Amino acid sequence: MLAAQQPLTLQPCRLAPIEATARCGTYWVYEDRARGVGRKIPLKVIILPSRSALAAPDPMLVVSPGGPGTTNSETGVALASGAAWRDNRDVVLVDLRGTSGPNRLDCRMPGSDAHPEGYLSTLFPLAAIRACRDELSRRANLRLYNTMLAVDDVDEVRAALGYEQVNLWGGSWGTRAVLIYLRRHPQSVRSAIIEGVAPPSFKNPLPHARSAQDAIELLFQECDRQQACHAAFPDVRHELWAVVHRLKQAPAAVTIFDSAAGSPLTARLTWQQFAEALRVMTYNLATARRVPMVLHRAYLGDLAPFVRTGI
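The numbering of the sequence shown is my numbering, which starts it at 2 and goes up by one.
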């Protein structure tokens, strides 16, 4: 699983908001690790220096903040900039295969600044996903882009950097990657931190509906406990299901002002899109606290606040 090491040259680089000079470079791996021949793909590597002049020999290695598909060299820099990890350890960021540069496996999906109504699409629009698969298959062997090979790449980078052991961190999907790293390369790991655990047995998105329902009910309970919220929205549970019932009868056309285009935009909202947008609102405190209000306005016939929050 560990290919022959190659030289890895790192150059000084400046990365906001990191106050100190980092080191950046590129490490090339075979797309097909088993064969060890053929196409090679670049992985961006960054080392963020410890705040201590006497850094521990085992750095913190950010496997992934989530995804899959997150670019560690972008998201990880912001994540690690103020982290306590850097008090006494360097932080290593390695872009996983297919997540950055010319080899990024990315294609257009519903939702963009030009077409914001696309953000209200269903979670996995089948036609768009099939088109994406067909497009990407023309420039990459998609069978070779999986978590096992990705963590094998990262462990090869660890060895090339000369670290005997590292401390792993992962969040959300990144926790799965950390657990698979531990399974495949236990000797390389001193410790691991996982946040928002999604184990290999977790079949995403099967729990979404139940988890979303639980989150919404907890939000409603919080509203019940707050006098001002309860006074303003005493029947929010009933109002939610009334809106769902209406949308099941017929989708709604909702007009909002598109600030990017500077003109009105009309979006078609189905009950499935409504449910998915509501689920996503519970992920963020800023949008979650608006849920009772936008549901109440939707119940009164004004879906525009809901759509603006959902987009």
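Cβ coordinates follow ideal geometry from the N, Cα and C atoms, glycine included.
Since the structure is predicted, the reported quantities are computational estimates derived from the model, not experimental observations.
{"Query": "Give the range of the beta strand (DSSP E) segment to which M61 is assigned.", "Result": "61-65"}
{"Query": "Return the CA-CA distance between L301 and L241, expressed in angstroms with no decimal places.", "Result": "11 angstroms"}
{"Query": "Are the beta-carbon atoms belonging to V46 and L94 less than 9 angstroms from one another?", "Result": "yes"}
{"Query": "Rounded to whole angstroms, how far is the Cβ of V255 from the Cβ of T267, which I believe are closer than 8 angstroms?", "Result": "7 angstroms"}
{"Query": "Is the beta carbon of A23 sitting closer than 9 angstroms to the one on P60?", "Result": "no"}
{"Query": "For T71, which of helix, strand or coil comes out of DSSP?", "Result": "coil"}
{"Query": "Quick one: which unbroken beta strand (DSSP E) runs of 3-plus residues sit fully inside the segment 260-298? Chain order, please.", "Result": "264-270"}
{"Query": "Among V38, D91, G70, C230, which residue has its Cα nearest to the Cα of Y146?", "Result": "G70"}
{"Query": "Go ahead and pull the three-state DSSP assignment for K249.", "Result": "helix"}
{"Query": "Using 10 angstroms around the beta-carbon of W29, count the other beta-carbons present and answer buried if the total reaches 16, otherwise exposed.", "Result": "exposed"}
{"Query": "Can you give me the start and stop residues for the alpha helix (DSSP H) that L49 sits inside?", "Result": "Careful: L49 lies outside any alpha helix (DSSP H), inside the beta strand (DSSP E) at 41-49."}
{"Query": "Apply the 10 Å Cβ neighbour rule to Q274 and answer buried if 16 or more other Cβ atoms are within range, or exposed otherwise.", "Result": "buried"}
{"Query": "Below 8 angstroms on the Cβ atoms is my contact criterion, and I expect G171 with V179 to pass it. Report the Cβ-Cβ distance as a whole number of Å.", "Result": "4 angstroms"}
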